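Residue numbers (the working numbering), protein chains in the order written: chain A, 5 to 262; chain B, 104 to 410. Ideal Cβ placement from N, Cα and C applies to all residues, glycine included. Keep in mind that this is a model prediction, so the values were computed, not measured.
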Amino acid sequence: MATPLALRVFEAEARVYRRTWRGSVISTFLNPILYLAAMGIGLGSLVDANMPEGVEGVTYLTFLAPGLLVATAMQTGAGEGSWKVMAGMKWTKTYHAKLAAPIGIPGLVGGHMLWAGARVLMVSVVFAFVMAAFRVAPLFQSLLAVGPALLVGLAMAAATTAFTARLDDPAGLPMYFRFVVIPMFLFSGAFFPITQLPSWLQAVALATPMYHGVELSRAIVVGTEPPVAWWISVAYLVAWIAVGTALCMGPFRKRLKP
Amino acid sequence: MAPLIHAHGLTKEFGDFVAVDGIDFAVEQGESFGFLGPNGAGKTSTMRMIGAVSPITSGSLSVLGLDPEHQGPQLRSKLGVVPQEDNLDEELTVYDNLMMYGRYFDLPRTVIKERIEELLEFVQLTDKRKSKVDALSGGMKRRLTIARGLINEPDLLLLDEPTTGLDPQARHILWDRLYRLKQQGVTLIITTHYMDEAEQLCDRLVIMDKSKIVAVGSPRSLIEEYAPREVVEFRFPPGVLEDVADRLEGTAPRAEILADRALLYTDDAEETISRVAAEGLEPETVLARRSSLEDVFLRLTGRTLVD
């Protein structure tokens with residue numbers, strides 16, 4: 005039976021990664037350790053000293069870790085959907101090479117999304133191991149928390165890819181990271197409860213995919229009820245992935261098969 | 104037998120711009136067929152429609168008996184494509200690029216491995232198999248792109264300006280390889296703006312200008328039809344050419360006065376040279392040569408092909 009087109013693209017991405025993984029592997033391990041040590045333990049000791057009842061009932065490290073897991077997945081997803089897509093379309097033109105072969109637009113986008121998911125999964129699983137090493141939660145629970153992180157990573161990869169594919173000029177990408185990705189990273193409930201935000205900003209945070217992933221992961225790690233029913237958050241994230249992926253097709257076709 | 108490619112009234116528009124304006128052509132099995140024309144003539148757009156990566160606006164096009172619009176993946180699995188710009192994966196090795204491309208066609212790894220050995224041999228890159236593409240010269244990258252285009256043993260190889268930007272030696276190596284492919288019976292479609300390339304490689308070609316086909320035939324027949332047998336090129340010192348243009352034009356059946364030189368078309372170069380001398384004109388240099396496709400193009404469009 006013929007291999008699905010998206011899997012052929014996935015295999016190609018894996019082949020490229022096999023040659024280039026060394027560049028990212030250190031930061032994949034080091035980032036969670038540094039963040040959890042500096043913010044979870046360092047800053048956390050100050051927070052815990054001032055809040056004997058804990059942040060939402062747990063130590064700051066325990067509060068922070070699942071949020072940071074999802075925040076990292078979010079950034080990874082955005083990363084997979086940005087410069088790489090720009091390169092494939094405009095610089096190295098490897099997307100054109102795929103399309104000259106039997107791969108079509110759906111196969112190209114599908115394979116790209118599968119690979120983005122694989123990258124998010126790698127980064128998140130490493131994070132879960134670090135989280136377990138910091139004794140935030142047992143390994144099994146930490147690994148379960150990867151589920152929501154994966155959904156958020158895919159949602160961001162899809163939305164970012166759809167955005168990048170519409171850009172004529174790469175100058176839009178630094179702006180996107182500065183005004184969308186970094187604010188989302190900081191204000192979607194990973195570092196402090198969004199109830200601390202003014203109410204209009206709470207509404208913005210509530211609309212981000214990251215917020216829903218943070219609350220789901222935290223519910224898994226801490227064992228509390230999430231503020232939004234879990235199935236609504238899951239459905240919301242799945243909708244982001246589906247709509248984001250669908251929005252890639254038009255500009256990909258326009259760019260690559262004019 | 105039905106032609107391998109058949110186009111009728113083939114048109115491509117981008118908004119208001121007509122890139123290809125109702126062209127007709129047919130390519131037979133085993134033929135080496137060229138699209139010759141200046142940049143912007145519509146060659147690449149035509150090529151992309153044949154390659155099923157650009158939908159046609161109107162007219163009809165059939166390639167290998169398939170409809171590019173609705174049978175794209177099936178058609179592309181039988182084509183080899185060498186695009187104008189190399190789009191190899193620079194971070195990967197020569198070998199990995201070929202393996203990766205073969206996998207797009209869902210070929211088994213063992214089959215690809217065998218073909219890689221043959222193809223590297225064929226494009227003379229066997230000793231570069233483990234080199235990163237990054238480190239290859241322009242000519243080597245081009246040859247690798249050709250090898251990549253052959254990985255699926257295509258029925259039809261599309262080459263879009265295969266030697267643009269290469270030095271003369273690299274061009275000749277490439278021509279030699281393409282000539283061998285032709286000998287093996289591979290049908291080649293080539294776009295080029297080099298007339299020597301078209302003369303070397305094409306059995307038959309069309310000349311395109313401003314989105315239309317202006318002539319069709321073999322290089323030899325086009326030259327015979329549109330240009331006298333010989334051309335004499337005269338160069339004069341700066342400023343002199345304009346003054347003597349009228350007198351030059353009287354010495355041959357047809358003359359083209361270009362910015363830097365005058366071309367006189369004639370059936371007897373010796374006679375034309377002596378007539379110019381008899382006029383008392385003293386050119387800086389005189390070059391007599393056979394007519395080329397360049398002259399055909401100049402005749403048909405009033406412009407030189409490569410400015």
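Minimum Cβ-Cβ distance from residue i to chain A less than 9 Å
{"i": "B:S377", "result": "no"}
{"i": "B:G162", "result": "no"}
{"i": "B:P176", "result": "yes"}
{"i": "B:N142", "result": "no"}
{"i": "B:F208", "result": "yes"}
{"i": "B:Y415", "result": "Any property of residue 415 of chain B remains undetermined from this structure, which presents chain B solely from 104 to 410."}
{"i": "B:R179", "result": "yes"}
{"i": "B:D410", "result": "The predicted model places B:D410 with a pLDDT of 49, which falls under 50 and marks its position as unreliable, so this point remains unresolved."}
{"i": "B:D124", "result": "no"}
{"i": "B:E134", "result": "no"}
{"i": "B:M203", "result": "yes"}
Cβ of residue i within 9 Å of any chain B Cβ
{"i": "A:P174", "result": "no"}
{"i": "A:V13", "result": "yes"}
{"i": "A:G108", "result": "yes"}
{"i": "A:V20", "result": "yes"}
{"i": "A:P56", "result": "no"}
{"i": "A:R123", "result": "no"}
{"i": "A:A16", "result": "yes"}
{"i": "A:H100", "result": "yes"}
{"i": "A:T164", "result": "no"}
{"i": "A:T63", "result": "no"}
{"i": "A:R259", "result": "no"}
Residue burial classification, residue i (beta-carbon count within 10 angstroms, cutoff 16)
{"i": "B:D410", "result": "Only weak support is given to the placement of B:D410: the predicted model assigns it a pLDDT of 49, under 50, and the value that follows is read from those uncertain coordinates. With fewer than 16 Cβ atoms within 10 Å of its Cβ, B:D410 is classed as exposed."}
{"i": "B:E328", "result": "exposed"}
{"i": "A:P262", "result": "exposed"}
{"i": "A:I30", "result": "exposed"}
{"i": "A:Q79", "result": "buried"}
{"i": "A:M179", "result": "exposed"}
{"i": "B:L113", "result": "buried"}
{"i": "A:L143", "result": "exposed"}
{"i": "B:E387", "result": "exposed"}
{"i": "B:D270", "result": "exposed"}
{"i": "B:D77", "result": "With chain B covering 104 to 410 only, the question about residue 77 of chain B has no answer from this structure."}
{"i": "B:H111", "result": "exposed"}
{"i": "A:N54", "result": "exposed"}
{"i": "B:N190", "result": "buried"}
Local conformation of residue i per DSSP, three classes
{"i": "B:S161", "result": "strand"}
{"i": "B:H111", "result": "strand"}
{"i": "A:R182", "result": "helix"}
{"i": "B:L390", "result": "strand"}
{"i": "B:D410", "result": "The predicted position of B:D410 is uncertain, since its pLDDT is 49 and thus under 50; a value taken from the coordinates is nonetheless stated next. The answer is coil: DSSP assigns B:D410 none of H, G, I, E or B."}
{"i": "A:G92", "result": "helix"}
{"i": "A:A169", "result": "coil"}
{"i": "B:I254", "result": "coil"}
{"i": "B:A144", "result": "coil"}
{"i": "B:F128", "result": "strand"}
{"i": "B:A122", "result": "strand"}
{"i": "A:F191", "result": "helix"}
{"i": "B:F208", "result": "coil"}
{"i": "A:E219", "result": "helix"}
{"i": "A:G254", "result": "helix"}
{"i": "A:E232", "result": "The sequence shown places Val at residue 232 of chain A, not Glu. In the structure shown, A:V232 sits in coil (DSSP, three-state: anything other than H, G, I, E or B)."}
{"i": "B:E116", "result": "strand"}
{"i": "A:V156", "result": "helix"}
{"i": "A:L241", "result": "helix"}
DSSP beta-bridge partners of residue i
{"i": "B:V185", "result": "B:L262"}
{"i": "B:E172", "result": "DSSP lists no partner for B:E172."}
{"i": "A:Y64", "result": "Answer is none; A:Y64 lacks a bridge partner."}
{"i": "B:S135", "result": "B:L291"}
{"i": "B:Y368", "result": "B:V334, B:R357"}
{"i": "B:T196", "result": "B:K235"}
{"i": "B:D312", "result": "B:K315"}
{"i": "B:F225", "result": "DSSP, once it has assigned bridges, lists no residue as partnering B:F225."}
{"i": "B:R307", "result": "B:F136"}
{"i": "B:E300", "result": "In the DSSP output, where bridge partners are listed per residue, B:E300 has none listed."}
{"i": "A:V59", "result": "A:V62"}
{"i": "A:G227", "result": "For A:G227, which the question treats as bridged, DSSP gives no partner whatsoever."}
Whole-number beta carbon distance between residue j and residue i, since they are thought to touch under 8 Å
{"i": "A:V62", "j": "A:V226", "result": "5 Å"}
{"i": "B:L304", "j": "B:S135", "result": "6 Å"}
{"i": "A:W244", "j": "A:A163", "result": "6 Å"}
{"i": "B:T267", "j": "B:L139", "result": "Their Cβ separation, rounded to whole angstroms, is 13 Å, which puts B:T267 and B:L139 out of contact at 8 Å."}
{"i": "B:V197", "j": "B:K231", "result": "5 Å"}
Cutoff 9 Å: residue i Cβ touching any chain E Cβ
{"i": "B:T196", "result": "You won't find chain E in this structure, because its protein chains are A and B."}
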